[in-house]
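Each remark here refers to the structure printed beneath this line.
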C-alpha cells in the first residue's frame, strides 16, 4: 500500500467458495533496517514517501553497533542524477537503547532536492570501517583491528511535478 489507514480486502469467490472481506490497518514502517548482525547494521530513513520537484527531502543513514572502537568509517557517497544533495553538518554520534541492548549510533543526515519528476532512486548504502578488538601490539603500540562492513538496499521516492501555481 502507498498510504496509511484502513484498507479493505474484498471477499473472493473460488470454485463456489467465498471468503469474507477483511480490513487491515496500514501503518508507516519508519526506518528501514538490515539487522542481520547484532553487532553492526545500517538503517535508512526518508521523511517523506513522495515530494514535489525541488521540494526538500530529509534522508538519514544510521550505522548501529554494539562493538567498541569504530575507526575510519566510510559510507557510499550519495550521488543521484538530477538532484542537489547536501550533508547536514557533521555526522552525529550517540547511544540508543533497543530492546534492552545499548547501541552506538553513527548518523549522517542529508537534504536532497530532486530537480525532475519521476522515481528518485536512492542508491544502496555500503559501510566499511575497522573495529579494535581490545588487544594491542606492545612493540608497535597500536591496537589490533579488523575490517567490518554493513550493507542496506536503497529506496525509491516518488517525485511529482510542481503544481501549476508553484511553477511561476
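Residue numbers (our numbering): 3 to 170. A virtual CB, placed ideally from N, CA and C, is assigned to each residue, including glycine.
### Task
Pull up the distance between the alpha-carbon of residue 2 and that of residue 92, whole angstroms please.
Residue 2 falls outside the range modelled here, since the chain spans only 3 to 170, and no answer is possible.
### Backbone secondary structure at residue 167 - three-state DSSP
helix
### Query
Would you say the stretch 80-90 touches the stretch 147-160, given that touching needs at least three Cβ pairs under 8 Å?
no
### Message
Taking DSSP's pairing of strands, which residues face residue 62 in a bridge?
### Response
47, 111
### Task
On a CA-only basis, which of 133, 19, 44, 81 is nearest residue 146? Give me that one, please.
133
### Query
Can you check whether the CB of residue 85 is closer than 8 Å to the CB of residue 56?
no
### Task
Take the Cβ of residue 17 as the centre, count every other Cβ of all protein chains shown within 10 Å, and call the residue buried at 16 or more, exposed below.
exposed
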